[in-house]
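One structure is given below, encoded as structure tokens.
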Amino acid sequence: SLQERLGEIFRKLRGRGKLTEDDVNAVLREVRMALLEADVNLNVVREFTKKVKEKAVGEAVWKSLTPGQLVIKYVRDELVNLMGGDEPRLEMSQDPPTVIMMVGLHGSGKTTSSAKLARYLKSKGRHPMLVAADLHRPAAITQLQVLGKQIDVPVFAMGAQEKPLSVARAGLKAAISQGNDVVIMDTAGRLHIDQELMDELKEVRDYVKPHEVLLVVDAMTGQDAVNIAEQFNTQIGVDGIVLSKLDGDARGGAALSVRFVTGKPIKFIGVGEKTDALEIFHPDRLVSRILG
Amino acid sequence: LPGRTKLDEDFWDELEETLILSDVGGMTSAKIVDDMRDKSKRGRIKEPSEVLKVLRDNLAEIMDKGDTSLKIPEGELVIILVVGVNGTGKTTSIGKLAYRLKKEGRKVILAAGDTFRAAASEQLQIWGQRVGAEVIRHNEGADPAAVIFDAIKAARSRGADIVIADTAGRLHSKVNLMEELKKIRRIIGREVEGAPQEVLLVLDATTGQNALQQARVFKEAVDLTGIVITKMDGSAKGGILFAISDELKIPVKFVGLGEGIEDLETFDPKLFMDALIQ
Ligand SMILES: Nc1nc2c(ncn2[C@@H]2O[C@H](COP(=O)(O)OP(=O)(O)OP(=O)(O)O)[C@@H](O)[C@H]2O)c(=O)[nH]1
Ligand SMILES: Nc1nc2c(ncn2[C@@H]2O[C@H](COP(=O)(O)OP(=O)(O)OP(=O)(O)O)[C@@H](O)[C@H]2O)c(=O)[nH]1
Ligand SMILES: [Mg+2]
Ligand SMILES: [Mg+2]
Chain P
0 SLQERLGEIF RKLRGRGKLT EDDVNAVLRE VRMALLEADV NLNVVREFTK
50 KVKEKAVGEA VWKSLTPGQL VIKYVRDELV NLMGGDEPRL EMSQDPPTVI
100 MMVGLHGSGK TTSSAKLARY LKSKGRHPML VAADLHRPAA ITQLQVLGKQ
150 IDVPVFAMGA QEKPLSVARA GLKAAISQGN DVVIMDTAGR LHIDQELMDE
200 LKEVRDYVKP HEVLLVVDAM TGQDAVNIAE QFNTQIGVDG IVLSKLDGDA
250 RGGAALSVRF VTGKPIKFIG VGEKTDALEI FHPDRLVSRI LG
Chain Y
-12 LPGRTKLDED FWDELEETLI LSDVGGMTSA KIVDDMRDKS KRGRIKEPSE
38 VLKVLRDNLA EIMDKGDTSL KIPEGELVII LVVGVNGTGK TTSIGKLAYR
88 LKKEGRKVIL AAGDTFRAAA SEQLQIWGQR VGAEVIRHNE GADPAAVIFD
138 AIKAARSRGA DIVIADTAGR LHSKVNLMEE LKKIRRIIGR EVEGAPQEVL
188 LVLDATTGQN ALQQARVFKE AVDLTGIVIT KMDGSAKGGI LFAISDELKI
238 PVKFVGLGEG IEDLETFDPK LFMDALIQ
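Here the protein sequences line up with chains P and Y, keeping their order.
Take the first sequence: its position 258, counting from 1, is numbered 257 in the numbering used here, and each next residue is one higher.
Take the second sequence: its position 68, counting from 1, is numbered 55 in the numbering used here, and each next residue is one higher.
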């Protein structure tokens, strides 16, 4: 573990007197390696270890009886500082319905998270409607309908030959006329480098004017997380992140990368396949996980 | 890297960075670069372009597990079991694979062994229609082994020679789900001699270091004959495949390059390394 490795390094450095640049770099190399193995993006790791270095070369570390633990504390504090901060809430519109759009890469968990979110909001007294705006994936509409039925939430759908924009427009109209105060729009998985599909998403966003665009990110995503987050945020605009599949054993460093690159908060985490498996995000728990 | 003209610190740093950014892994990348530095000193390699060429060749060799074709002999009933964590592209890859096998003249039946997830069977049925392959399915909540068992019966009675069995996505850390998968494999083996002839792990190219753990656990549970790496049409490079090849020796057999029926290619270690280290 990082704790053990740092302990090892400081043991070797004890009795030498002053901490040299090389010593500090040895410590930072261990921190860097731990973060990389946890899938934090390399450039994020570099920025991050710079911040830790400023603290780590201070007197406190050298005077401490447990310098390894102190460095970990600095790393942990800096991580929590980066991940935490704002109170991650969903913005409910003063002028309903509140429109939430779920976006992200293929298989990240958008459809399942849409249903989980609908169930969660329903439990809070809202009247959500799900809109099946993925017209591309085979049986995507059916998938959302089956989930909607399980949680007793209406699903607006049209024929599979329709265009996403038409479904989004009609879905919004239906929600307004039926008095739903939240619309959760599922969209097709797409690559951030597929310009045609990113433009399609922009078009839907421009028409629907979502109050919340939630980027669904798989917790096991590797270095590519920064590219995904960067493109979705600059091209579409992201208001929050849903980090899915945290019930696995992936360390989840992608969360740090996404937060670092977009500055947007993780609003929810997916912790299972069932519709009740959605939780509010707690930065300290994720930080412990990333640090292994 | 393309612009570099001398083997200085910057070159080695940039090489390591390229590997890390491709998900090769922090420790693995450091080791590869250290080894390459030693080799270059001993072999007196002075040119960055030559270092890159040697590296690509060496790594391609580690990734090359020889024959990447499927072990699907004619004249016997072949069962291909497809496994992996949630959302990696199993169902889609089965559709693509069925299409490829049909084009090669095989008679394929698909088993909708994901009886858990909403509309999983419907999704596979649509692929079956696109390909022209019969799909055997039960209702949601049925026993997955029973579906596969029925597909085997159907294959025998219809004279089909390949059954591709879809399974529900499952996180390798869920012991009960891995036990269910072991049971499915046992039942297949009891019903058909020598089956499943192929057990393919489907990995998502955007996955980071966790893919190595996925491969370890799935291999331990049901033994793997090959890997399908999907979503390589994205910007992720799938670098974790190197550690998987090196440690577990599982051959990568196919690459998924899109959502379409023809977007499946045979894995080529040289092409893979060319994309990883340009
Ligand atoms: N274990 C676990 N599985 C999840 C979670 N969220 C989603 N899944 C599973 O991940 C797989 C993909 O989920 P989907 O909701 O279909 O993903 P998607 O983003 O809509 O996929 P596309 O529409 O194809 O892009 C399914 O098997 C889900 O059951 C989670 O938090 N934990
Ligand atoms: N771009 C791209 N998308 C892919 C590829 N393979 C699969 N997909 C997409 O990834 C998403 C998930 O694919 P599925 O086939 O449902 O994945 P799965 O592993 O069966 O998912 P579960 O059964 O829920 O675990 C779908 O949107 C597919 O179209 C690929 O090679 N490239
Ligand atoms: Mg979906
Ligand atoms: Mg599937």
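Positions of the beta carbon are idealized from the N, C-alpha and C atoms, including for glycine.
Using only alpha-carbon positions, find the residue among the options that is nearest to residue i.
{"i": "Y/PHE241", "options": "Y/ALA230, Y/ASP22, Y/ASP233, Y/GLU185", "result": "Y/GLU185"}
{"i": "P/VAL207", "options": "P/GLN2, P/VAL270, P/VAL98", "result": "P/VAL98"}
{"i": "P/THR186", "options": "P/ASP180, P/GLY252, P/LYS201", "result": "P/LYS201"}
{"i": "Y/PRO238", "options": "Y/GLY213, Y/LYS161, Y/ASP261, Y/LEU84", "result": "Y/GLY213"}
{"i": "P/LYS273", "options": "P/ILE150, P/GLN68, P/ALA37", "result": "P/ILE150"}
{"i": "Y/SER160", "options": "P/GLU211, P/ASP248, P/ILE289, P/PRO127", "result": "P/ASP248"}
{"i": "P/GLU195", "options": "P/PRO209, P/ILE235, P/ARG45", "result": "P/ILE235"}
{"i": "P/ASP133", "options": "P/LEU146, P/SER112, P/PRO282, P/ALA156", "result": "P/ALA156"}
{"i": "Y/GLY195", "options": "P/GLY221, P/GLU211, P/VAL212", "result": "P/GLY221"}
{"i": "Y/TYR86", "options": "Y/VAL70, Y/GLN116, Y/PHE136", "result": "Y/GLN116"}
{"i": "Y/ALA262", "options": "Y/LEU251, Y/ASP233, Y/LYS224, Y/GLY245", "result": "Y/LYS224"}
{"i": "Y/GLU178", "options": "Y/GLY146, Y/LEU199, Y/ILE248, Y/ALA133", "result": "Y/ALA133"}
{"i": "P/ARG288", "options": "P/ALA138, P/PHE47, P/ARG45, P/ASP38", "result": "P/ASP38"}
{"i": "P/LEU47", "options": "P/PRO66, P/LEU27, P/LEU69", "result": "According to the sequence shown, residue 47 of chain P is Phe rather than Leu. Measuring from the Cα of P/PHE47, the nearest candidate turns out to be P/LEU27."}
{"i": "Y/ILE264", "options": "Y/ARG(-9), Y/LEU(-6), Y/SER9", "result": "Y/SER9"}
{"i": "P/ARG204", "options": "P/ALA173, P/ILE240, P/VAL166", "result": "P/VAL166"}
{"i": "P/ARG45", "options": "P/ASP275, P/LEU285, P/LEU255", "result": "P/LEU255"}
{"i": "Y/LEU244", "options": "Y/LYS28, Y/LYS(-7), Y/VAL215", "result": "Y/VAL215"}
{"i": "P/LEU214", "options": "P/ILE279, P/THR261, P/ARG168, P/ASP246", "result": "P/THR261"}
{"i": "P/MET184", "options": "P/ASP217, P/SER92, P/LEU143, P/VAL216", "result": "P/LEU143"}
{"i": "Y/GLY226", "options": "Y/LEU199, Y/ALA142, Y/LEU251, Y/GLY100", "result": "Y/LEU199"}
{"i": "Y/GLY247", "options": "Y/LYS83, Y/PHE(-2), Y/GLY176, Y/PHE205", "result": "Y/LYS83"}
{"i": "P/LEU120", "options": "P/LEU290, P/LEU285, P/GLU278", "result": "P/GLU278"}
{"i": "P/LYS11", "options": "P/LEU1, P/ALA25, P/SER0", "result": "P/ALA25"}
Opposite residue i in the DSSP bridges: which residues?
{"i": "Y/VAL150", "result": "Y/ILE66, Y/ILE96"}
{"i": "P/ASP185", "result": "P/MET101, P/ALA131"}
{"i": "Y/THR212", "result": "DSSP lists no partner for Y/THR212."}
{"i": "P/SER243", "result": "P/ASP217"}
{"i": "Y/VAL189", "result": "Y/VAL215"}
{"i": "P/PHE280", "result": "Beta-bridge pairing links P/PHE280 to no other residue."}
{"i": "P/LYS269", "result": "The identity of residue 269 of chain P in the sequence shown is Gly, whereas the question assumes Lys. Partner(s): P/LEU277."}
{"i": "Y/GLY243", "result": "Y/LEU251"}
{"i": "P/GLU211", "result": "P/ILE99"}
{"i": "P/VAL152", "result": "According to DSSP, P/VAL152 bridges with nothing at all."}
{"i": "Y/ILE231", "result": "DSSP lists no partner for Y/ILE231."}
{"i": "Y/THR194", "result": "P/THR220"}
{"i": "Y/ILE123", "result": "Y/ALA98"}
Since residue i meets chain P, which of its residues come closer than 7 Å, beta carbon to beta carbon?
{"i": "Y/GLN265", "result": "Per Cβ cutoff of 7 Å: no residues; Y/GLN265 is ~16 Å from chain P at best."}
{"i": "Y/SER222", "result": "ILE192, ASP223, ASN226"}
{"i": "Y/ASP(-3)", "result": "Within 7 Å Cβ-Cβ: nothing; Y/ASP(-3) doesn't reach chain P, min ~15 Å."}
{"i": "Y/ASP191", "result": "GLY106"}
{"i": "Y/GLN200", "result": "ASP248"}
{"i": "Y/ASP130", "result": "Result: empty, since nearest Cβ-Cβ is about 18 Å, beyond 7 Å."}
Can you pull the chain P neighbours of residue i, defined as C-beta to C-beta under 9 Å?
{"i": "Y/GLN196", "result": "LEU35, GLU36, ALA37, ASP38, MET219, GLY221, ALA249, ARG250, GLY252"}
{"i": "Y/LYS218", "result": "LEU104, HIS105, GLY106, LEU190"}
{"i": "Y/MET14", "result": "MET32, LEU35, GLU36"}
{"i": "Y/ASP10", "result": "ASP38, GLY221, GLN222, ASP223"}
Name the chain P residues whose beta carbon is nearer than 8 Å to that of residue i?
{"i": "Y/GLY119", "result": "Going along chain P, no residue has its Cβ under 8 Å from Y/GLY119, so there is no contact; the nearest lies around 15 Å."}
{"i": "Y/GLU4", "result": "LEU41"}
{"i": "Y/TRP114", "result": "PRO137"}
{"i": "Y/ILE7", "result": "LEU35, LEU41, GLN222"}
{"i": "Y/THR253", "result": "Chain P residues near Y/THR253: none, gap ~22 Å exceeds 8 Å."}
Please compile the residues from chain Y whose C-beta is within a distance smaller than 8 Å of the C-beta of residue i.
{"i": "P/GLU161", "result": "The premise fails here: P/GLU161 is roughly 17 Å from chain Y at the closest Cβ pair, so nothing lies under 8 Å."}
Taking Cβ-Cβ distances shorter than 9 Å, what residues in chain Y pair up with residue i?
{"i": "P/LYS244", "result": "VAL72, ASN73, GLY74, LEU158"}
Checklist line | At least 3 beta-carbon pairs within less than 8 Å: the segment 181 to 189 of chain Y vs the segment 74 to 85 of chain Y | finding: yes
Next item on the list: Could you tell me whether the segment 200 to 210 of chain Y touches the segment 90 to 104 of chain Y, where touching means 3 or more Cβ pairs closer than 8 Å?
Entry: no
Next item on the list: Could you say if the segment 252 to 263 of chain Y and the segment 41 to 49 of chain Y meet the contact criterion of at least three C-beta pairs nearer than 8 Å?
Entry: yes
Check: Are the segment 175 to 194 of chain P and the segment 90 to 97 of chain P in contact at 8 Å, needing three or more beta carbon pairs?
Finding: yes
Margin query: By the 7 Å beta-carbon criterion, what residues does the segment 73 to 93 of chain Y contribute toward chain P?
Written below: ASN73, GLY74, THR75, GLY76
Notebook entry, point to check: Taking a cut of 9 Å between CB atoms, which residues from the segment 92 to 110 of chain Y lie near chain P?
Noted result: PHE103, ARG104, ALA105, ALA106, ALA107, SER108, GLU109, GLN110
Note to self: Along the segment 139 to 155 of chain P, where does the CB come closer than 7 Å to a CB of chain Y? Name the residues.
What the structure shows: THR141, GLN142, VAL145, LEU146
Check: Taking any Cβ of chain P, which residues in the segment 158 to 181 of chain Y have a Cβ under 9 Å from it, in chain order?
Finding: LEU158, HIS159, SER160, LYS161
Check: Listed in chain order, which residues of the segment 16 to 32 of chain P have Cβ atoms closer than 7 Å to some Cβ of chain Y?
Finding: MET32
Next item on the list: Give a yes or no on contact between the segment 249 to 263 of chain P and the segment 219 to 229 of chain Y, applying the rule of three or more CB pairs nearer than 8 Å.
Entry: no
Item checked: Cβ contact (3+ pairs, closer than 8 Å) linking the segment 105 to 123 of chain P and the segment -4 to 4 of chain Y -> no
Margin query: Against chain P, which members of the segment 28 to 56 of chain Y pass a CB distance test of less than 9 Å?
Written below: none
Next item on the list: Kindly confirm or deny that the segment 146 to 162 of chain Y and the segment 61 to 69 of chain Y touch, where touching means at least three C-beta pairs closer than 8 Å.
Entry: yes
Notebook entry, point to check: For the segment 252 to 285 of chain P, which residues have a CB atom closer than 8 Å to at least one CB atom of chain Y, in sequence order?
Noted result: GLY252, ALA253, GLU272
Next item on the list: Pull every residue with its beta-carbon under 5 Å away from any heavy atom of ligand 5, and keep them in chain order.
Entry: The ligand content of the structure shown is limited to ligand 1, ligand 2, ligand 3 and ligand 4, which means ligand 5 is not among them.
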